[in-house]
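In order, the protein sequence lines correspond to chains A and B. Just so you know, we're using my numbering here: the first sequence kicks off at 179 and counts up by one. Just so you know, we're using my numbering here: the second sequence kicks off at 31 and counts up by one. A virtual CB, placed ideally from N, CA and C, is assigned to each residue, including glycine. In what follows, a single structure is set out as structure tokens and then discussed.
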Amino acid sequence: MIEISGIPHVPTSNMSHRIFEIDELVRRVSRTLVSIHRASAVSLACTCRLLEEPALSSLWELQDSLAILIGVSPIVGGEVRD
Amino acid sequence: MELNDSGSGWHRFRKHATWMRRLFLREEDDRWMKDDVFDRLLAGSQVGLVCPALCLFTCYFTRANQRFIPHFLSPHLTHFAIRVRPSYRNIPRDLLPNPTHILQVLPTSCLQEISIDLDPNGLYRLEDEVASMIQRFGQALRVLRVPVPLGEAAVHHVVGFKNLRVWTNVCDPPPSTLPLSTNFPPLRTLTLRKDAYGWIPWLAQRERAISDVQGGPVGNVGLKATLTHLRFREWAPVDPAFISLLSLFQNLAILFVQSNCAGPVGCAFSLTNQDLAQLSAALPRLEVLELGRPCPTNTSLTTVPCLLALSVHCKSLSSLCIHLNTTDLIGDIQSLSEDPGLRDLGSLPTRCRLVTFKAGRLPFPHLTSDEDITTIAAGLVGIFPSLINVSFFGSGWVPLLSRVRELQGVPELASP
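The following block contains the structure:
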């Protein structure tokens, strides 16, 4: 076990740090990250389930085209899938 | 093909669409509108509104998307802007997209900003629809850029907006039924088209009335305290009577008059040094002063001393465009140190931060010796210590520009 000085070790194998459960904090971090570097916000969304929704919702907040929205619909290239 | 509403694909689509708050619809998006893709999207998602929580919506308004825009007009909209491509301005009126339906169904309860930048000639047919829409706006409205003449009732409604900060106005002068004691929104930015210039005398009269009456109606704040940007978008006479009215708005940072002297009236600029000195003293916060493009007739009554007055009084001035008589440029520069009144003014320590002197089409005096050019350059640098550039048409000002840059220790500009 690696112990960083002064910081208690939190097992992360199947649970995230409890700080990620503070929704308001995570959303604020996500929004800031989206405004600075969207690619990092995408990485954040992929990190764990607790971060996925706040990060994705921040990413989706601002769209400069319909293309991405159409892309996630079951209609792609004029065809319906699902 | 049957659409499956319970499918995870549509569920995901709706979730993501619900997260959307701001959408900038691009011209390329028309291809989603033109085909039946968008129709199938609406049918498949089984929603009336594509993005039900959308707050900000901006788009290019086209014939292809005009039918679908209502599906983005969420009741939470705070910002709404549509505009047409510049190329649309040459299209016959009947072929232009028609925003009537959009104006009728636009949710206005939360709206804070609205900008409709369409062909004005086409918009003028929509006076009734615009007036009706304005009647539906609430007190949240802060920005109103809808260049359509308004009827009396709509004008009364607009001046009642307590939070309106930005107004682009093409209306006729206010109706006689609008008393000076009427509350007026605390505008920061007022943009006027030609037919609306009649507002200035009314507003000036109102300012004087407010100043005269101690303890006027609550909230009846004068534009003197709030107005920072004033723009005249079409030809205006730059004469003493017009400018003296503007001097009342003491907080102005930007004063822009889009005037040129190419029309049948000839040169529109008839200010004197005294007028500009008074203006500069009255509006010390000016950052941009543009009073029409300088014309080559060289008949204006303004000379170098007015530049000194502007630089001394308006220390934030960073953009200046005025007529200047250059017939005796060297004599005017020399008189700065000889005239007692100007010497006193010049001895004041403040100077503005102007970097570029806009000479435009002003002629540079002929037969100017090298020594004279140095005198003129030094004189201008004395007035504008940050000056490093002179913008002009033709080549007459080139030697002066080189000398200014030399004096300021700035490398020569590369030849084009």
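A Cβ-Cβ separation of about 5 Å places Trp238(A) in contact with Met50(B) under the 8 Å criterion.
Inclusion of Val411(B) and Leu437(B) in the CB contact set at 8 Å is warranted, their separation being smaller than that value. For the C-beta of Phe91(B), not a single chain A residue is nearer than 7 Å; the gap to the nearest is close to 15 Å. As DSSP reads the structure, Val196(B) sits in a beta bridge with Val173(B) and Thr219(B). In terms of beta-carbon proximity, Glu202(A) stays away from the interface with chain B, with every pair separated by 8 Å or more. Between Leu244(A) and chain B, the shortest Cβ-Cβ separation is below 8 Å.
Non-local beta-carbon contacts of Leu313(B) in its own chain, meaning distances under 6 Å to residues more than five positions away in sequence, involve Leu282 in chain order. Exclusion of the five residues before and after Gly409(B) leaves Ile363 as the residues of its chain whose Cβ lies within less than 6 Å of its Cβ. At a cut-off of 8 Å, the C-beta of His46(B) has a neighbouring C-beta in chain A.
Looking only at Leu366(B), Phe394(B), Gln96(B) and Asp374(B), the smallest Cα-Cα distance to Thr130(B) is reached by Gln96(B). Taking C-beta atoms under 8 Å as the contact rule, Ala223(A) and Leu240(A) fail to qualify, at a distance of about 15 Å. Contact annotation, Phe198(A) with Leu229(A): C-beta distance approximately 6 Å; criterion of less than 8 Å satisfied.
The straight-line gap separating the alpha-carbon atoms of Leu79(B) and Arg172(B) is approximately 25 Å.
Contacts with chain B at 8 Å (Cβ-Cβ) include Ile248(A).
Among the residues facing chain B, Pro252(A) is included, as its CB has a counterpart in that chain under 8 Å away.
In terms of beta-carbon proximity, Val67(B) lines the interface with chain A, with at least one pair separated by less than 8 Å. By the rule that beta-carbons nearer than 8 Å mark a contact, Leu71(B) touches chain A. For Ile200(A), the three-state secondary structure derived from DSSP is coil. Under a criterion of Cβ atoms nearer than 7 Å, no residue of chain A is adjacent to Arg97(B); the nearest Cβ is some 14 Å distant. With a 10 Å radius around the Cβ and a threshold of 16 neighbouring Cβ atoms, Leu203(A) comes out exposed. The C-beta separation of Ala407(B) from Arg433(B) comes to about 4 Å, placing the pair in contact by the 8 Å criterion.
Restricting attention to Asp69(B), Gly322(B) and Leu309(B), the CA atom closest to the CA of Pro267(B) is found in Gly322(B). Around the beta carbon of His215(A), fewer than 16 other beta carbons sit within 10 angstroms, so the residue counts as exposed. With respect to chain A, the C-beta atom of Arg236(B) has no partner C-beta closer than 8 Å. The three-state secondary structure of Asn120(B), taken from DSSP, is helix.
Straight through space, the alpha carbons of Ile164(B) and Leu347(B) are spaced by roughly 37 Å. Beta-bridge partners assigned by DSSP to Gln304(B): none are found. One thing to note: Leu260(B) has its Cβ within 8 Å of the Cβ of Leu285(B). Check the Cα spacing between Asp158(B) and each of Val178(B), Ile146(B) and Ile144(B): the tightest is with Val178(B). Residue ranges of uninterrupted alpha helix (DSSP H) with 4 or more members, entirely inside the region 279 to 348 of chain B and ordered along the chain, are 303 to 312 and 334 to 343. Against chain B, the CB of Ser235(A) has a partner CB under 8 Å away; the residue lies at that interface. By the criterion of a C-beta distance shorter than 7 Å, Pro203(B) is surrounded in its chain by Gly228, Trp229 and Trp232, once the five residues flanking it on both sides are discounted. Under DSSP, Cys140(B) takes part in no beta bridge, so it has no partner.
Identification of chain A residues near Glu58(B) by a Cβ-Cβ cut-off of 8 Å yields Ser243 and Ala245, ordered along the chain.
Taking CB atoms only, Glu230(A) has no neighbour in chain B less than 8 Å away. The alpha-carbon of Ala292(B) is positioned some 25 Å away from that of Val428(B).
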